[in-house]
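To keep things clear, I will list the structure first and then write my remarks on it.
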Amino acid sequence: MFARKMGWHALSAAMLVLLSACAHSPRQAANSTSSATLMGHWEGRLTMRVAKNPPEQFSTAFEMSGHAEQGQLQLLSPLGTTLAVVRWNPQGASLQQSNDIQQFASMDELTQSLTGAALPLPQLLIWLDRAGPAVAGWQIKAEVLKNGRRVLAERQQPLPALQLTLLLDPPS
1 MFARKMGWHA
11 LSAAMLVLLS
21 ACAHSPRQAA
31 NSTSSATLMG
41 HWEGRLTMRV
51 AKNPPEQFST
61 AFEMSGHAEQ
71 GQLQLLSPLG
81 TTLAVVRWNP
91 QGASLQQSND
101 IQQFASMDEL
111 TQSLTGAALP
121 LPQLLIWLDR
131 AGPAVAGWQI
141 KAEVLKNGRR
151 VLAERQQPLP
161 ALQLTLLLDP
171 PS
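Quick note on our numbering: the sequence shown kicks off at 1 and runs consecutively.
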């Protein structure tokens, strides 16, 4: 059971990273005006459902910062302790859970390994801050809420079908 739970942390981290790895419209920018140094920052809650037999679901809080070339994502417990950390840069990506670190050549490799498909990172990410383009194989819907933003992304193919819901806190 513990190994399965840790796998869910990895899968959730990968899904969040797919939505964060190529930030085009960050909520907060660093002082530099260079587009290469823009840093996005998002916080909130995510829920992921995987249509397996039996169905699986995972929910956690997260904090994420970075841009297309470099960034970090933390998955947090209800008490605020770090469950997993994903880091990416031009040299590759890593997933750390406690003392266990998995290395990947790229975010495409990380998402392929953890979800079974390389995911369309740039298109999916746009939806974090605004409505974005259609993405083949995905149904994505975003809405502004009273206290933040909700993004719902569903993939039917390849199997297993995935549903990711992000509740983003308003920018501070």
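Every residue gets a Cβ at the ideal spot worked out from N, C-alpha and C, and that includes glycine.
How about residue i and residue j: do their beta carbons lie closer than 8 Å?
i    : j    : result
L162 : M48  : yes
L76  : A61  : yes
A84  : Q96  : yes
A142 : A131 : yes
P170 : N147 : yes
S59  : L46  : yes
Classify residue i: buried if its beta carbon has 16 or more other beta carbons within 10 angstroms, exposed otherwise.
i    : result
A21  : Note that A21 has pLDDT 39, beneath the 50 cutoff, so the model's placement of it is unreliable and the number below is only indicative. Its Cβ being crowded by 16 or more others within 10 Å, A21 is buried.
Q69  : At residue 69 the sequence reads Glu, which differs from the Gln that was named. E69 is exposed by the Cβ-count criterion.
V151 : buried
A153 : buried
L164 : buried
T37  : Confidence is the limiting factor: at T37 the pLDDT is only 45, short of 50, which leaves the residue's position unreliable, though a coordinate-based value still follows. So T37 counts as exposed.
S34  : Note that S34 scores a pLDDT of 41, beneath 50, so its modelled location is shaky and nothing firm can be said.
Using alpha carbons as the reference points, say which of the options lies closest to residue i.
i    : options                   : result
I193 : V85, P90 and Q156         : Outside the shown range of the chain, which is 1 to 172, sits residue 193, and nothing can be said about it.
G44  : S94, Q91 and L128         : L128
W88  : G66, P54, L79 and G137    : G66
L159 : K146, G137, A105 and Q102 : G137
L145 : P55, Q57, L168 and I101   : L168
S98  : D108, A51 and V86         : V86
Residue range of the beta strand (DSSP E) that residue i falls in?
i    : result
E69  : Taken as a continuous stretch (DSSP letters only), E69 belongs to no beta strand (DSSP E), as it is neither H nor E.
S94  : G92 to Q97
Q163 : L162 to L168
G44  : G40 to V50
N89  : T82 to N89
D100 : D100 to F104
M127 : Here residue 127 turns out to be Trp, not Met, going by the sequence shown. First-last for W127: undefined, no H or E at that position.
Pull up the CB-CB distance for residue i and residue j, whole angstroms please, since I reckon it's below 8 Å.
i   : j   : result
T82 : Q72 : With 8 Å as the limit, T82 and Q72 do not qualify as a contact, their Cβ atoms being about 11 Å apart.
Please report whether the beta-carbon of residue i lies at a distance below 8 Å from any beta-carbon of chain B.
i   : result
L83 : Here chain B cannot be found, since the structure has a single protein chain.
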